[in-house]
Amino acid sequence: MFRRPPRNFRGRRRAESSSSEGESGAEPEPQLGGDRGTDAEGDQGEDDDEVVEEEEQGGAGPVSPAAEGLPAEGPAEDIGGQADGGEGVPRGRPRGANRKPGRAPGEMALLSFRAEEEREGIVPNAAYIQVARRKRQLARTRGDYIPLSTSRRAPVCLRNECSDTESEADSDHDKTLHFAPKTKPLSQRMSEYIGSKTEGASEDDETQNMWEEQQLKKAVKLPQGVNVDTCLPKPQPVKIKFDLSVSLPPVNLEIVKKQLTSRITSLQDLHRAHQREYEKYTQDIESSKSTIQELERSSSAALNYKFYRSMKTFMENLVDCLNEKLLHINELESAMQMLLHQQAIIFLKRRQEDLKNESAYVQLRSRKNGQSATGNVEVDEKTQQLLEEREARRTCRRQARENFGKSDHHEGMSSDDELSPAEMTDFQKNKDDILRESKKIFEDVHADFCNVRNILLKFQQWRERFPDSYYDAYISLCLPKLLSPLIRIQLIGWNPLQKFVALNEMPWFRAIEEFSDAKNMSQSKRNDDLDQTILPSIIERIILPKMTGFVEHVWDPLSTSQSISLLHLCKNIFQEHSFSKNESSKVKQALVNAIVSRMKKSIEDDVFIPLYPQIAIEDRVSPQSKFQERQFWSAAKLLSNILLWDGLIPEDTLHELGLSKLLNRYLLLILLNEPPGPDNVEKCNKVVACLPERWFRELKNGSTLPQLANFSQHLLQSAHILYKNNCSDETKDLILMLVKVNALHIAEDFIEEYKLEHLKYIIRK
1 MFRRPPRNFR GRRRAESSSS EGESGAEPEP QLGGDRGTDA EGDQGEDDDE VVEEEEQGGA
61 GPVSPAAEGL PAEGPAEDIG GQADGGEGVP RGRPRGANRK PGRAPGEMAL LSFRAEEERE
121 GIVPNAAYIQ VARRKRQLAR TRGDYIPLST SRRAPVCLRN ECSDTESEAD SDHDKTLHFA
181 PKTKPLSQRM SEYIGSKTEG ASEDDETQNM WEEQQLKKAV KLPQGVNVDT CLPKPQPVKI
241 KFDLSVSLPP VNLEIVKKQL TSRITSLQDL HRAHQREYEK YTQDIESSKS TIQELERSSS
301 AALNYKFYRS MKTFMENLVD CLNEKLLHIN ELESAMQMLL HQQAIIFLKR RQEDLKNESA
361 YVQLRSRKNG QSATGNVEVD EKTQQLLEER EARRTCRRQA RENFGKSDHH EGMSSDDELS
421 PAEMTDFQKN KDDILRESKK IFEDVHADFC NVRNILLKFQ QWRERFPDSY YDAYISLCLP
481 KLLSPLIRIQ LIGWNPLQKF VALNEMPWFR AIEEFSDAKN MSQSKRNDDL DQTILPSIIE
541 RIILPKMTGF VEHVWDPLST SQSISLLHLC KNIFQEHSFS KNESSKVKQA LVNAIVSRMK
601 KSIEDDVFIP LYPQIAIEDR VSPQSKFQER QFWSAAKLLS NILLWDGLIP EDTLHELGLS
661 KLLNRYLLLI LLNEPPGPDN VEKCNKVVAC LPERWFRELK NGSTLPQLAN FSQHLLQSAH
721 ILYKNNCSDE TKDLILMLVK VNALHIAEDF IEEYKLEHLK YIIRK
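What follows is the structure in structure tokens.
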């Protein structure tokens with residue numbers, strides 16, 4: 001019904017508007033936004049929206065300029081409008097414009113149905129064109145965004161591109177290019193940054209206030225013409241100003257360096273603490289993993305019960321087996337001990353009978369009435385047979401020594417423990433029978449119940465899987481008694497008086513040592529672990545009592561080979577193997593007491609020194625001289641065997657046995673009755689060689705032991721006689737013997753008496 005008005009075309013800016021229209025309806029250039037100014041973003045938004053809408057839609061029809069009180073150049077609603085959008089103010093009228101006379105305040109403007117020609121003499125004025133140009137320019141520069149306010153002027157560079165009336169000088173000035181911004185001071189940048197933050201905060205506050213105002217407009221109806229903005233207080237934005245005149249404090253490099261150093265130190269300490277915590281946590285994790293694995297292996301109650309049940313069954317079967325075999329083991333052990341004891345008795349009785357028969361024979365030879373015309377002594381057949389057998393044994397030993405090249409041997413130093421072929425065959429047959437029977441004891445027994453290593457393996461599994469129950473059961477105290485029968489059966493053929501065999505070479509010893517792991521543990525750990533007492537307990541319960549039985553019933557102190565073998569075994573046990581203080585002292589003392597008792601018995605029963613006239617002794621081929629010679633060397637060998645125990649037997653006991661009873665009571669009698677000479681010097685030298693050197697190291701004041709006083713006087717008297725007989729070599733040997741027994745005063749007096757200056761070096765040594 002209505003025709004759409006033609007679009008306004010873009011016209012060039014005229015220098016002056018039409019005289020007829022400009023003078024009649026000229027008004028000042030309209031200001032966008034009305035009286036509220038250009039800073040109110042809400043009003044700008046509303047005005048801009050209205051302008052854009054009118055440009056696009058045009059309107060229902062042109063409104064008469066005279067009716068709205070606007071200039072005649074163009075429609076005023078395109079450059080102005082109601083700022084508030086409130087009720088009672090016609091749309092398109094700028095604030096402060098005069099109403100048309102004769103129209104009521106609330107009366108709306110009427111549409112004009114004028115002719116087409118009248119609508120076409122409507123030409124926009126310069127202000128309208130300028131406003132439209134600004135809008136288009138802003139739309140080009142901001143793309144889709146159309147600013148809410150058009151009162152702000154476009155940038156200079158954009159104005160220069162669109163304006164045709166700007167001066168050339170201004171255009172050149174505004175088009176100056178800046179390639180890089182000028183560097184600003186730190187204080188100015190800080191103030192700008194704080195200001196931008198403050199402006200952003202103020203904009204947020206304004207947005208919040210606008211939203212509150214809009215909500216009040218919707219909720220409250222105000223009278224027409226009342227502005228809501230004037231009714232509400234406006235919060236003033238607070239801007240923080242940074243005073244550029246205030247200077248920062250001076251920077252001290254030393255202070256900064258100290259602060260950095262302290263900071264680094266604290267960080268390093270913190271890092272080390274974290275590292276320690278990390279290591280602790282790692283160890284805890286590993287420990288937890290191992291604990292979990294152990295618990296997983298032993299968590300099954302059924303498996304634990306099965307193991308304990310099998311161990312209980314094994315122990316019951318083992319104990320029953322050993323109890324059944326124990327009686328037979330005791331019988332075989334007693335049989336072997338009896339066999340050795342009988343052999344020792346045979347040797348002892350034969351030696352005593354030979355001594356008795358030879359003494360009687362020599363005694364008969366020394367009597368004048370006991371000799372026949374031919375010079376032969378008449379004896380019975382039995383005695384004669386014994387003398388012939390003894391002489392045959394001596395001849396055999398003499399030949400054996402010559403074959404081995406032993407030239408320093410004297411008659412009487414042999415043990416005379418040979419057996420006849422018949423006796424040797426019988427003894428060996430009985431011994432083999434006992435050993436054969438001992439091997440048959442466990443033929444019908446499984447190896448797990450008769451092998452020491454296999455039995456210990458069972459207990460080792462118990463100790464590894466369940467150590468708490470293992471130590472709570474005191475297995476280390478039970479094993480010595482449990483293994484005793486098995487060890488005793490292996491020691492039936494063992495004789496500590498024959499060839500020395502170290503205990504660590506025996507299979508049972510190595511098995512127990514590996515079980516207790518004694519080699520790989522320190523001494524402190526050995527003392528703490530109860531399993532380390534298993535081996536000493538076995539030695540105390542089995543080895544030492546067996547050795548004591550051999551000493552009491554089998555050992556012959558006159559036998560050097562037996563004494564050396566027994567001595568080495570005792571040293572190996574006492575020095576290399578540790579024992580508990582209480583029990584070991586009792587068992588060890590019992591063995592030492594048995595050794596001392598056997599020595600005393602041997603001195604009383606086996607030593608016999610006959611006394612003959614000087615004429616018979618001086619004859620070296622006479623039976624009296626030979627018999628006395630054999631008895632002296634036999635007693636000297638016993639002295640040597642007794643003094644070998646120095647260090648294991650108390651020194652006072654050895655002084656009493658070796659010096660007081662044997663030397664002074666028997667040996668010294670022969671030395672005093674024999675004339676001084678090379679033979680006497682040799683005998684004295686043998687006695688001095690038997691004495692331990694340790695006895696004389698701590699002696700002071702140049703005096704010897706009290707038990708050697710008589711022997712030292714004999715050496716001095718022999719030296720006087722030999723020096724007078726021009727036996728310088730023998731004299732020198734006697735002086736040297738005095739020095740060895742620490743009789744220094746006697747030796748010095750002798751040297752001073754005979755002015756033997758060349759012998760003083762012996763004393764200085």
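Numbering-wise (our numbering), the sequence shown opens with residue 1 and increments by one. Backbone N, C-alpha and C fix where the C-beta goes; we use that ideal spot for every residue, glycine too. Source: prediction; values computed, not measured.
Rounded distance between the beta-carbons of Trp555 and Leu497, thought under 8 Å: Working through the sequence shown from its first residue, we reach residue 497 at position 497. Working through the sequence shown from its first residue, we reach residue 555 at position 555. With 8 Å as the limit, Leu497 and Trp555 qualify as a contact, their Cβ atoms being about 6 Å apart.
Lys349 beta carbon less than 8 Å from that of Phe442: Sequence index remark: in the sequence shown, residue 442 carries index 442 (1-based). Sequence index remark: in the sequence shown, residue 349 carries index 349 (1-based). No.
Can you check whether the CB of Asp354 is closer than 8 Å to the CB of Arg390? Translated into the one-based positions of the sequence shown, residue 390 becomes position 390. Translated into the one-based positions of the sequence shown, residue 354 becomes position 354. The answer is yes: Cβ separation under 8 Å.
Same chain, Cβ closer than 6 Å to Leu722, neighbours up to 5 away in sequence not counted: Your numbering for residue 722 matches position 722 in the sequence shown. Taken in chain order, the residues that qualify are Pro676, Glu730, Thr731.
Return the first residue and the last residue of the alpha helix (DSSP H) that Phe404 is part of. Along the sequence shown, read from residue 1 onward, the residue named residue 404 stands at position 404. That run of the alpha helix (DSSP H) goes 381-404.
Proximal residues to Leu716 (C-beta, below 6 Å), its chain only, five neighbours per side dropped: On the sequence shown, position 716 is the one that residue 716 refers to. Same-chain partners within the cutoff: Ile746.
Nearest-angstrom Cα distance between Asp417 and Ala392? Within the sequence shown, the letter at position 417 stands for residue 417. Within the sequence shown, the letter at position 392 stands for residue 392. About 13 Å.
If we ignore side chains and look at the alpha-carbon of each, how far apart do Thr533 and Ser476 end up? In the sequence shown, residue 533 corresponds to position 533, counting from 1. In the sequence shown, residue 476 corresponds to position 476, counting from 1. If I take the Cα positions, the gap works out to 7 Å.
Compare the C-beta of Lys571 with all C-beta atoms of chain B and state if any pair is closer than 8 Å. Considering every chain present, this structure includes no chain B. It has just one protein chain.
Give the DSSP-derived three-state secondary structure of Asp749 in the structure shown. Along the sequence shown, read from residue 1 onward, the residue named residue 749 stands at position 749. If DSSP states are grouped into helix, strand and coil, Asp749 belongs with the helices.
When we look at the beta-carbon of Ala447 and count the other beta-carbons within 10 Å, is it buried (16 or more) or exposed? Taking the sequence shown and counting its residues from 1, the one referred to as residue 447 is at position 447. When all chains shown are included, Ala447 counts as exposed.
If you reduce the DSSP assignment to three classes, tell me which class Met609 lands in. Start at 1 with the first residue of the sequence shown, and residue 609 comes out as number 609. Contrary to the premise, residue 609 reads as Ile rather than Met in this sequence. Three-state DSSP puts Ile609 in coil, outside helix and strand.
Report the option in Met424, Gln130, Cys321, Gln628 whose CA atom is closest to the CA atom of Leu483. By one-based count along the sequence shown, residue 483 stands at place 483. Of the candidates Met424, Gln130, Cys321, Gln628, the one whose C-alpha sits nearest the C-alpha of Leu483 is Cys321.
Are the beta-carbon atoms belonging to Lys439 and Leu491 less than 8 Å from one another? What you label residue 439 is simply residue 439 of the sequence shown in a count that begins at 1. What you label residue 491 is simply residue 491 of the sequence shown in a count that begins at 1. No. Outside cutoff.
Please tell me whether Met737 and Leu657 are closer than 8 Å, where the distance is taken between their beta carbons. The sequence position of residue 737 within the sequence shown is 737, counting from 1. The sequence position of residue 657 within the sequence shown is 657, counting from 1. No, these two residues do not count as a Cβ contact at 8 Å.
Could you check if Leu267 is buried or exposed, using at least 16 other CB atoms within 10 Å of its CB as the buried criterion? Taking the sequence shown and counting its residues from 1, the one referred to as residue 267 is at position 267. Exposed, since its Cβ has fewer than 16 Cβ neighbours within 10 Å.
Sort out for me which residues DSSP pairs Asp646 with in a bridge. Translated into the one-based positions of the sequence shown, residue 646 becomes position 646. Answer by DSSP bridge pairing, in chain order: Ile649.
So, for Ser359: in the same chain, excluding its five sequence neighbours on each side, which residues have a beta-carbon less than 8 Å away from its beta-carbon? By one-based count along the sequence shown, residue 359 stands at place 359. Phe608, Pro610, Phe627, listed in sequence order.
Counted within 10 angstroms of its Cβ, other Cβ atoms place Ser712 as buried (16 or more) or exposed: Against the sequence shown, residue 712 aligns to sequence position 712. When all chains shown are included, Ser712 counts as buried.
Straight-line Cα distance separating Ala126 from Arg153: Numbered from 1 along the sequence shown, position 153 holds the residue referred to as residue 153. Numbered from 1 along the sequence shown, position 126 holds the residue referred to as residue 126. Note on Arg153: pLDDT 48, under 50, position unreliable in the model; the coordinate value appears next. Their Cα atoms are separated by approximately 16 Å.
Run through DSSP, which three-state label would Val596 get? Here residue 596 is taken as the residue at index 596 of the sequence shown, counted from 1. Three-state result, Val596: helix.
Mark Ser420 as exposed unless 16 or more other C-beta atoms lie within 10 angstroms of its C-beta, in which case mark it buried. Residue mapping note: residue 420 aligns to position 420 of the sequence shown, counting from 1. Exposed: under 16 other Cβ atoms inside 10 Å.
Cα-Cα, which of Lys724, Ile512, Pro623, Ser334 is closest to Tyr361? Translated into the one-based positions of the sequence shown, residue 361 becomes position 361. Ranking Lys724, Ile512, Pro623, Ser334 by Cα distance to Tyr361 puts Pro623 first.
For Thr560 and Lys637, believed in contact at Cβ under 8 Å, the rounded distance: For this step, residue 637 is matched to residue 637 along the sequence shown. For this step, residue 560 is matched to residue 560 along the sequence shown. About 7 Å separates the two Cβ atoms, so the contact holds.
Between Glu286, Asp468, Gln352, which lies nearest to Leu386 when the distance is taken from Cα to Cα? Working through the sequence shown from its first residue, we reach residue 386 at position 386. Residue Gln352 is the option with its Cα nearest to Leu386.
Check whether Asn662 and Ile603 have beta carbons under 8 Å apart: Looking up residue 662 in the sequence shown gives position 662. Looking up residue 603 in the sequence shown gives position 603. The amino acid at residue 662 is misidentified as Asn; the sequence shows Leu. The answer is yes: Cβ separation under 8 Å.
How about the segment 743-760 and the segment 692-710: do they share at least three Cβ pairs that are nearer than 8 Å? yes
By how many angstroms is the C-alpha of Glu279 removed from the C-alpha of Gln293? Taking the first residue of the sequence shown as 1, we reach residue 293 at position 293. Taking the first residue of the sequence shown as 1, we reach residue 279 at position 279. If I take the Cα positions, the gap works out to 21 Å.
Please confirm whether Glu411 and Arg630 have their CB atoms less than 8 Å apart. On the sequence shown, residue 411 is found 411 positions in, with the first residue counted as 1. On the sequence shown, residue 630 is found 630 positions in, with the first residue counted as 1. A contact, by the Cβ cut-off of 8 Å.
Compute the Euclidean distance between the alpha carbons of Cys339 and Asn430, then round it to the nearest angstrom. Numbered from its first residue, the sequence shown carries residue 339 at position 339. Numbered from its first residue, the sequence shown carries residue 430 at position 430. This sequence places Leu at residue 339; Cys is not what is there. Going from the Cα of Leu339 to the Cα of Asn430 covers about 8 Å.
Please look up how many angstroms separate the CB atoms of Asn451 and Leu503, rounded, as I've assumed it's under 8 Å. Translated into positions along the sequence shown, residue 451 becomes position 451. Translated into positions along the sequence shown, residue 503 becomes position 503. That pair is no contact at about 19 Å.
For the alpha helix (DSSP H) that Arg350 lies in, which residues bound it at each end? To locate residue 350, count along the sequence shown from 1; it is residue 350. Residues 301-366.
When you compare the CB positions of Thr548 and Leu591, do they come within less than 8 Å of one another, or not? Sequence index remark: in the sequence shown, residue 548 carries index 548 (1-based). Sequence index remark: in the sequence shown, residue 591 carries index 591 (1-based). Result yes, Cβ atoms of Thr548 and Leu591 sit closer than 8 Å.
Closest residue to Asp432 among Met336, Ile649, Pro678 (Cα-Cα distance): Here residue 432 corresponds to residue number 432 of the sequence shown, with the count starting at 1. Closest by alpha carbon: Met336.
For my contact list, Ile542 and Arg488 are in at a C-beta cut-off of 8 Å; report their separation, rounded to the angstrom. Residue 542 sits at position 542 when you count from the first residue of the sequence shown. Residue 488 sits at position 488 when you count from the first residue of the sequence shown. Ile542 to Arg488, Cβ: 6 Å. Contact.
Find the nearest neighbour of Leu734 within the set Gln215, Ser310, Asn680, judged by alpha-carbon distance. Sequence index remark: in the sequence shown, residue 734 carries index 734 (1-based). Among Gln215, Ser310, Asn680, the Cα nearest to that of Leu734 belongs to Asn680.
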